[in-house]
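Colleague: This is the structure, below, for whatever I ask next.
2 protein chains.
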Amino acid sequence: MVTRRGADAYHCGIDAAMDVIGGKWKVLILWALEERAHRFGELRRALDGVTEKVLASHLRELEDDGIVHREDFGEVPPRVEYSLTPLGRSLNDALAPLGDWGRANIKGVPPEPGEGARGRDPRRLVGG
Amino acid sequence: MVTRRGADAYHCGIDAAMDVIGGKWKVLILWALEERAHRFGELRRALDGVTEKVLASHLRELEDDGIVHREDFGEVPPRVEYSLTPLGRSLNDALAPLGDWGRANIKGVPPEPGEGARGRDPRRLVGG
DNA sequence: CCGCATCCTTCTTGATACTG
DNA sequence: CAGTATCAAGAAGGATGCGG
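Have a look at this one:
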């Protein structure tokens, strides 16, 4: 992981977890894989706006951290599938309360994954 | 908040929450204020290594987001205290499971806040 | 003591083109 | 299809000095 701290250890568990999910697209990857396994191209389309370089880099980091499993079918044309490991699923579970908090307290968050009202509001906190 | 997305809304609640706690020292600030209110200088010493500029910037962002409360006593010499708002406390609560996950699955995380065994390990995931 | 202003370095991300 | 290489841009963080 590129953002991994090298100098010393972490200060607390959240600090450490933030290092694993710190990439711009990391949680979106986890969220997509939560539903089902995805191929590389599927993920790229699901995470609209991500570039191949960044997606590959994030996937590599998540794989190194044991969060996602990469399965290369060794076919032609190439087929590679990414899925969550048990550790990845446990991370998603630990992330759930934070997601609830965000949906409850921040404007501009869609209520449910995949569809629904995409808020166009100025992303201001509700309960401020 | 500097990192606030301007183009469109968030993709999910975690995405949005990450935008609030995304700063390098944000969760450490929350963690310090969880225990008790801190003066600016106290915070600076508690977060060893942070610079005044960055600390002030993060505090301002957290204040704008309704996470921390800033109380200026208007004295000379200046005295300002920072504390968590109810929203800030609820954010900390939502962060707790993530902290547990980090402590359980990442090496180099001290078991409890404030003291204890600071791991010097290579920060590799345990349960990979 | 609290905090801002300026300048600068590093890290992260993005655009584009190319390969097996 | 699934990536890698190279180049470039932008944001976050840090160093230092000044002001109320």
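Top line first, the protein sequences correspond to chains C and S. So the first sequence is numbered by UniProt numbering: it starts at 1 and just counts up by one. So the second sequence is numbered by UniProt numbering: it starts at 1 and just counts up by one. Using N, Cα and C, we set each Cβ at its ideal position, and we do this for glycine too. Nothing here was measured: the structure is a model prediction, and the numbers come from that model.
Which whole-angstrom value describes the C-beta separation of L84(S) and L98(C), a residue pair presumed to lie in contact below a C-beta threshold of 8 Å?
Modeller: About 16 Å separates the two Cβ atoms, so there is no contact after all.
Colleague: Run the CB neighbour count on K53(S), radius 10 Å, all protein chains shown included, and call it buried at 16 or more, exposed below.
Modeller: Classification of K53(S): exposed, given that the 10 Å Cβ count is below 16.
Colleague: For R39(S), does the three-state DSSP call read helix, strand or coil?
Modeller: DSSP places R39(S) in strand when its eight states are reduced to three.
Colleague: What separation, rounded to the nearest whole angstrom, lies between the Cα atoms of D19(C) and S57(C)?
Modeller: Between D19(C) and S57(C), the C-alpha separation is close to 15 Å.
Colleague: Buried or exposed: V76(S), going by 16 or more other Cβ atoms within 10 Å of its Cβ?
Modeller: exposed
Colleague: Any idea what DSSP makes of E75(S), helix, strand or coil?
Modeller: coil
Colleague: Relative to the alpha-carbon of R89(S), which residue among V109(S), N105(S) and I67(S) has its alpha-carbon at the smallest distance?
Modeller: Among V109(S), N105(S) and I67(S), the Cα nearest to that of R89(S) belongs to I67(S).
Colleague: Would you say I29(C) reaches chain S, if we count a Cβ-Cβ gap shorter than 8 Å as a contact?
Modeller: Any Cβ of chain S closer than 8 Å to the Cβ of I29(C) would place that residue at the interface, and such an atom is absent.
Colleague: Please check if any C-beta of chain S sits within less than 8 Å of the C-beta of V109(C).
Modeller: True, the Cβ-Cβ gap to chain S drops below 8 Å.
Colleague: Can you give me the Cβ contacts of R39(S) inside the same chain, cut-off strictly under 8 Å, excluding the 5 residues immediately before and after it?
Modeller: R79, V80, E81 and Y82
Colleague: Going by DSSP, which residues form a beta bridge with E52(S)?
Modeller: In the DSSP output, where bridge partners are listed per residue, E52(S) has none listed.
Colleague: Any beta carbon from chain S within less than 8 Å of G102(C)'s own beta carbon?
Modeller: yes
Colleague: I'd like to know if the stretch 28-35 of chain C and the stretch 35-49 of chain S are in contact, where contact means that at least 3 CB-CB pairs between them fall below 8 Å.
Modeller: no
Colleague: Would you decide whether P86(C) is buried or exposed? Buried here means 16 or more other CB atoms lie within 10 Å of its CB.
Modeller: exposed
Colleague: Tell me the DSSP bridge mates of L84(C)?
Modeller: V68(C)
Colleague: What would DSSP say about L62(C), mapped onto helix, strand or coil?
Modeller: helix
Colleague: Which residues mark the beginning and the end of the alpha helix (DSSP H) in which I14(C) is found?
Modeller: G13 to V20
Colleague: Please identify the residue among H11(S), E42(S) and K26(S) whose C-alpha is closest to the C-alpha of D91(S).
Modeller: The sequence as given places Leu at residue 91(S); Asp does not occur at that position. Taking L91(S) as reference, the option from H11(S), E42(S) and K26(S) with the minimal CA-CA separation is K26(S).
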